Amino acid sequence: MLIAASLVPLSFPGGRDLAGILPELVLGGAFLLLMVLDLVIPPSKRTWLAGFALLGIAAALGVTVWAWFDANPGRLVYAGSFAYDRFALFIDAILLVSAALVVMISPNYLNRRGLHYGEYYALILAATLGMMLLAGATSLMVIFLAIEVLSLALYVLSGFSRHEERSQEAALKYLLLGGFASGFLLFGMALIYGETGHTQLAQIAAAIQSQTTIAVDPLLLAGVLLLFIGFAFKVSAAPFHSWTPDVYQGAPTSVTTFMSVTTKVAAFAALVRVFTYTFDGGGTHFYQHWEPVVALVAITSMVVGNIAALTQTSVKRMLAYSGIAQAGYILIGVAVGPVLLPSGQSSSFGTIGVLYYLAAYAVTNIGAFAVITIMAGRGEDLDSYDGLRGLAYRRPFVAASMALFLFSLGGFPPTAGFFGKFLVFTAAINAGQVPLALWGIATSVVAAFYYLRVGLLMYQRPAPGAEEYRWSRTGFAGSAVLVVTTAGTLILGVLVVLVYTAATSSLKGLIV
Amino acid sequence: MNHIPWLTLLIVIPAGAAILLQFVPRRLTAVVKGVTIFATLAGAVIVTLLLLWLPGNKATSGPLPLHFQESHAWLPAINATYHLGIDGISAWLLALNAGVFLLGALAISRKTTDRLRFYCTLVLLTQAATTGVLLSIDLLLFYMFWEGMLVPLYVLLSNWGGDKRGPATVKFIVYTVAGSLLMLVAIIYLYVQSPSGSFDLESILAQPITSGTPYVIPLIHLTTFTPKELAFICFALAFAIKIPIVPLHTWLPDLYEACPPAVLVFFAGIVSKLGAYGFIRFALTLFPGEMEKYRFVLAGFAVLSIIYGALMALSERDLKRIVAYASISHLGFIALGIFSLTNNGINGAVIQIINHGIIISALFLIVGFVEARTGTRDLGELSGLERRMPWLYFFFLVATLAGLGMPGMNSFVGEFTIMLGAFQLNWVYAVLAGGGVILAAWYMLRLHQGLMHEPPKPRTEGVHDLHIGEALLLAPLVALMIFIGLYPKPITDISTGSVSTTVTLIQPAASNPGTQ
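Heads up: the protein sequence lines correspond to chains Y and E, in order. Going by this note's numbering, the first sequence opens with residue 1, and the numbers climb by one from there. Going by this note's numbering, the second sequence opens with residue 1001, and the numbers climb by one from there.
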């Protein structure tokens, strides 16, 4: 606290509150600074902006790491509407690392596509800021605001390729459907507020617990389910996924890289805080009412995502459908979250599984998208499967790391993805929901098929007459990103204990 | 000697060599191959030492006596351990493993192998994984290696081989993944159910898991499997796909056909044996009651493999597919020995695992040599090699005799012991398996005569004999075929103790199956 006192004057009214949002403050400051710098820096030097953005992210990450030790135990700030706890900080760390990796691969890609505008970095930071707010939000109002902040930035980013119709279409689609989902979210919040009289999660939890077990308020339940639909849209779980493939394909690849990972991470963080820890209902077993719905959405996502991915011929669409399927696997962890074992102990396996899966997914998926971002040729996206054909003969290391990411997405050991899947399956079986795990298994087999098919392409020589895709240079930043993601994928797959311990500790510190 | 983690070294040496290779310039193919050979040789030396020390080494006490055990915490929060250990059975499999990879490394052709460094890296990584499978006692660790093995294998198989390698590889991987993911569910189930809450085979065996109440299908009140039975079925499926047992075999002929011979040496040599090993190490020990209950069904499928494989081997024309189906037939014998659940049967299976590894490696090397010289694998286009390749003729003759189970050759010892076990199970199985031996003589002789005798055809004109390097690859294999056939005692000396320990785990279950 001493350092906090030196950083933020605690005697100042609201000083303790400000200290609680320090990582967000730093990132917000960087965002504003970047807006100004964009005006000052000449267009030819825009790569500098990426450097400044990286500095801002690094500073925020540093503060987050420091706060991790400070927030033990955590506390609620701003009258109970924001949590300064290890859970939020764990998510913040994933988000910031992801954002940093995306910023690193962006300049080269944007230059090649002719899209290097200065506001790009500011928008990335703004979206990250919204996500960090979402991770710590403990009030329905803050949740909504955070979601709008991140969504608005992402709407603009997905339409960033201004002269391309597909990108415009993606932005419009995302905006319309996103607005629709926000409506669901807001309507759900209104119902919950109407039934409980509170917007603060802690008080909502208390209100739910005071209900009788027999008669559950139908309006409350409707509100909870509407809220869930809103989140399901953000994590792109089927059947609320229809925007995902088009937006992922239409948006510039670096933006897809960013939003495919970070939106999911932030929305799942909120999902855990709101559903697993607020709507569990304690002794009333309120969770029994929404868990089947979550389980159903999880199964639908796994089935729809994996089967639709089978028939794709575009890498970005394949990864989009794979992302839908991954959302299904992560939802398993939510569906069995607050489980009370027959022995009377509660088990947080499911939630640990969610956190581990998110970390694994972040590092793997960024890696996979980074490969197609870095390799994209001049003026176009590397999109079709054919673009990867023969990659292994020209760029053996890039191809090898791409293969590793595909294996990780498929859940093969010794990669990060295996432990993500392993933990959520363990959680399901532990909770007695074996069928959920079996659905996961069955769809994983399908998944192995399409991931490996893409892998095969990289190792095939192009047909004699056929032209090879003109891959770009990897570059220093690109190599660095690939090295980090490859190492991360392996470390999360072997030295599990590092992130596992952090995830456990972050859950212990979670406050509602 | 006790302070050196020998078993870890066995995994680390190939993995470390694979990393080391990345720092060797790609063009120095001699160095690349040298490092690979040296790493596999080092592994072979350590395994030999372990085999020599094993009788004098004090085993752990407990239901599963282990030697050279190493146990460290890996993921304490969920009780997963880094637990390695060997016994008399896995020691021999390790020896086979080290042998076939050494052979695989020696068989690498520097001239014809494209991207040699990448190839060697993958071979070494595969070895690290298969070694890990044989050493792991912790179920989660076992699964990591079992499934992780597919990663280098996938890249290896999809990069080198025939035209149809892509689909064949994907078929193999998807098949295997389906089985092993089911096994993962079963492993998690055992972990959740075990009183000690552990993945460690030793602690699970110390406090057996109850089988639970059987599921009853509502309305028709049909009693089905208990949860433990379902878990057993998951394990059995995973291992049966890997062996493979008919009707789960369809990936094998396609894959072997597309696979280059140098890969087949260790793929057919050890990877397919891991399924059999899995049955002995995990299915028998964890599910004695269930094995007892289903042994007749399983043995039935094993016999089906023997007969079906033999018939298919008779009907094929492609050399590789003939050997592939012969392999299925032989693997059926191994499975039959295991499923007889008798000392004889399992001892025979262990011997036969080694034998098959030796014979199949030799046969695939020979097929590879013939194909490299004539450019075809079609039996219809090949004949009369006897006069062109006298040395090959000699080696092939011994391998053929070994393959058909001639007395005095190694297969005879194994198959005979397995038949003894099968008789103890039920004479019908032994008789049917005997039919498989007759068919084996038929298809092996058809293969041998077709290739060697009869007047030469255009394809075989001007073919030269084995050169010294190739002959030296085959010579030790052929010597072993004869040596084991005459004197199999060294193998059984070490394995018998562990086999009877495993069998005694089943016996109490057999006398009162209700309690398990």
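All C-beta atoms, glycine included, are put in the ideal place defined by N, C-alpha and C. Since we're looking at a predicted model, the values are computed, not measured.
Is the shortest distance between the beta-carbon of residue i and the beta-carbons of chain E less than 8 Å?
{"i": "Arg453(Y)", "result": "yes"}
{"i": "Ala403(Y)", "result": "yes"}
{"i": "Ala480(Y)", "result": "no"}
{"i": "Leu32(Y)", "result": "no"}
{"i": "Asn111(Y)", "result": "no"}
{"i": "Pro413(Y)", "result": "yes"}
{"i": "Ile105(Y)", "result": "no"}
{"i": "Val497(Y)", "result": "yes"}
{"i": "Tyr500(Y)", "result": "yes"}
{"i": "Gly306(Y)", "result": "Sequence check: residue 306(Y) is Asn here, not Gly. No, its Cβ sits nowhere closer than 8 Å to a Cβ of chain E."}
{"i": "Tyr155(Y)", "result": "no"}
{"i": "Leu507(Y)", "result": "no"}
{"i": "Phe449(Y)", "result": "yes"}
Would residue i pass as a contact of residue j if the rule is Cβ separation under 8 Å?
{"i": "Gly333(Y)", "j": "Tyr357(Y)", "result": "yes"}
{"i": "Val1478(E)", "j": "Phe1364(E)", "result": "no"}
{"i": "Ser106(Y)", "j": "Ser260(Y)", "result": "no"}
{"i": "Leu388(Y)", "j": "Ala251(Y)", "result": "no"}
{"i": "Ile330(Y)", "j": "Phe279(Y)", "result": "no"}
{"i": "Leu1319(E)", "j": "Val1370(E)", "result": "yes"}
{"i": "Leu1094(E)", "j": "Val1151(E)", "result": "no"}
{"i": "Gly1309(E)", "j": "Ser1340(E)", "result": "no"}
{"i": "Leu154(Y)", "j": "Ala127(Y)", "result": "yes"}
{"i": "Thr364(Y)", "j": "Thr489(Y)", "result": "yes"}
{"i": "Leu1314(E)", "j": "Tyr1443(E)", "result": "yes"}
{"i": "Leu1139(E)", "j": "Leu1064(E)", "result": "no"}
{"i": "Leu225(Y)", "j": "Val293(Y)", "result": "yes"}
{"i": "Tyr459(Y)", "j": "Ala392(Y)", "result": "yes"}
{"i": "Ala99(Y)", "j": "Ile57(Y)", "result": "yes"}
Is there a Cβ from chain B that is less than 8 Å from the Cβ of residue i?
{"i": "Gly1016(E)", "result": "Here the protein chains are Y and E, and chain B is not one of them."}
Let's test the definition: count the other Cβ atoms within 10 Å of the Cβ of residue i and tell me whether it reaches 16, buried, or not, exposed.
{"i": "His1083(E)", "result": "buried"}
{"i": "His1453(E)", "result": "exposed"}
{"i": "His1072(E)", "result": "exposed"}
{"i": "Trp1427(E)", "result": "exposed"}
{"i": "Thr313(Y)", "result": "exposed"}
{"i": "His1467(E)", "result": "exposed"}
{"i": "Ser1498(E)", "result": "buried"}
{"i": "Arg1459(E)", "result": "buried"}
{"i": "Phe390(Y)", "result": "Note on residue identity: the sequence assigns Gly, not Phe, to residue 390(Y). Result: buried."}
{"i": "Leu992(E)", "result": "The requested residue 992(E) is not part of the displayed model; chain E covers only 1001 to 1516."}
8 Å is my cut-off, CB to CB: does residue i come that close to chain Y?
{"i": "Ile1137(E)", "result": "no"}
{"i": "Tyr1154(E)", "result": "yes"}
{"i": "Tyr1215(E)", "result": "no"}
{"i": "Ile1188(E)", "result": "yes"}
{"i": "Ala1178(E)", "result": "yes"}
{"i": "Val1297(E)", "result": "no"}
{"i": "Asn1079(E)", "result": "no"}
{"i": "Leu1248(E)", "result": "no"}
{"i": "Leu1182(E)", "result": "yes"}
{"i": "Thr1515(E)", "result": "Its pLDDT being 37, under 50, Thr1515(E) is placed unreliably by the model, and the measurement read from it follows with that caveat. Chain Y contact via Cβ: absent."}
{"i": "Val1170(E)", "result": "yes"}
Would the C-beta of residue i count as close to the ligand SAH, meaning under 7 Å from any of its heavy atoms?
{"i": "Met132(Y)", "result": "Absent from the structure shown: the ligand SAH. Ligands present: none."}
Since residue i sits in a beta bridge, which residues does DSSP pair it with?
{"i": "Val77(Y)", "result": "Phe82(Y)"}
{"i": "Ser139(Y)", "result": "Gln200(Y)"}
{"i": "Ser1136(E)", "result": "Leu1084(E)"}
{"i": "Asp1378(E)", "result": "Asp1318(E)"}
{"i": "His1072(E)", "result": "Tyr1082(E)"}
{"i": "His1067(E)", "result": "Ile1086(E)"}
{"i": "Ser314(Y)", "result": "Ser384(Y)"}
Within the region 79–127 of chain Y, note down every full alpha helix (DSSP H) run reaching 4 residues or more, in order along the chain. List check, alpha helix (DSSP H) in window: 86–113.
Whole alpha helix (DSSP H) elements within the region 1180–1230 of chain E, 4-residue minimum: Runs of the alpha helix (DSSP H) inside the region 1180–1230 of chain E: 1201–1206.
Any chance you could list the beta strand (DSSP E) runs of at least 3 consecutive residues sitting entirely within the region 345–418 of chain Y, in chain order? Whole beta strand (DSSP E) segments, 3+ residues: zero.
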